Structures are given as C-alpha cells and as structure tokens.
Amino acid sequence: MTTFYESVDFRVKKKLLIYKPMQKSFNAVGKIILLLLFNLMTLIHIMLTLEKLNLINDRYLSAQHPLKISLRTTFIIYN
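In the working numbering, the protein residues as written are 256 to 334.
Here it is in structure tokens:
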C-alpha cells in the first residue's frame with residue numbers, strides 16, 4: 256500500500272511527463288520567432304544605414320516602392 260506522499264509524487268511526475276515535450280516544442284517555436292525578428296531588424300538596420308550613406312539606388316526608394324514606405328515607418332520608429 257502506498258502512502259499519501261508517494262501517490263502525490265506519482266501524480267506530479269505523471270503531469271510533468273505529459274507537459275515536458277509540449278514545453279520543449281513551444282520553446283523551439285519561440286526561439287525561431289525571435290531569430291526571425293532579429294534577422295528582420297538587422298536587415299532593416301542595414302537598409303537604413305545604406306540609405307543614410309546614399310548607397311541605395313533611387314529606383315528602389317521611389318515613393319511607390321513598398322520598401323521606401325517600410326523604411327520611412329521604421330525610421331520614424333527608430334527616431
């Protein structure tokens with residue numbers, strides 16, 4: 256016959272075994288999302304630097320081009 260503490264310990268271990276793989280998958284998804292966000296911010300930072308140094312062709316920075324709109328909004332957010 257098991258004591259009360261042993262049965263509680265078994266229940267806790269059983270719950271941990273159920274939730275642990277799910278927690279690992281959430282951690283992996285979170286790391287991937289953070290990595291993608293970091294890469295996006297690095298790319299935007301490079302584009303802003305190139306724009307400040309006038310190394311980007313004016314064709315890509317025309318008013319109709321979507322990149323120019325995103326650079327303008329990002330520049331406002333940065334400043």
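Using N, Cα and C, we set each Cβ at its ideal position, and we do this for glycine too.
Keep in mind the model is a prediction, meaning the values are calculated, not measured.
Closer than 7 Å: residue i CB and nearest the ligand NAD heavy atom
{"i": "Met302", "result": "Among the components of this structure there are no ligands whatsoever, and the ligand NAD is therefore not found."}
C-alpha distance - residue i paired with residue j, whole-angstrom precision
{"i": "Thr297", "j": "Asn282", "result": "22 Å"}
{"i": "Leu290", "j": "Ile299", "result": "14 Å"}
{"i": "Ile287", "j": "Asn294", "result": "11 Å"}
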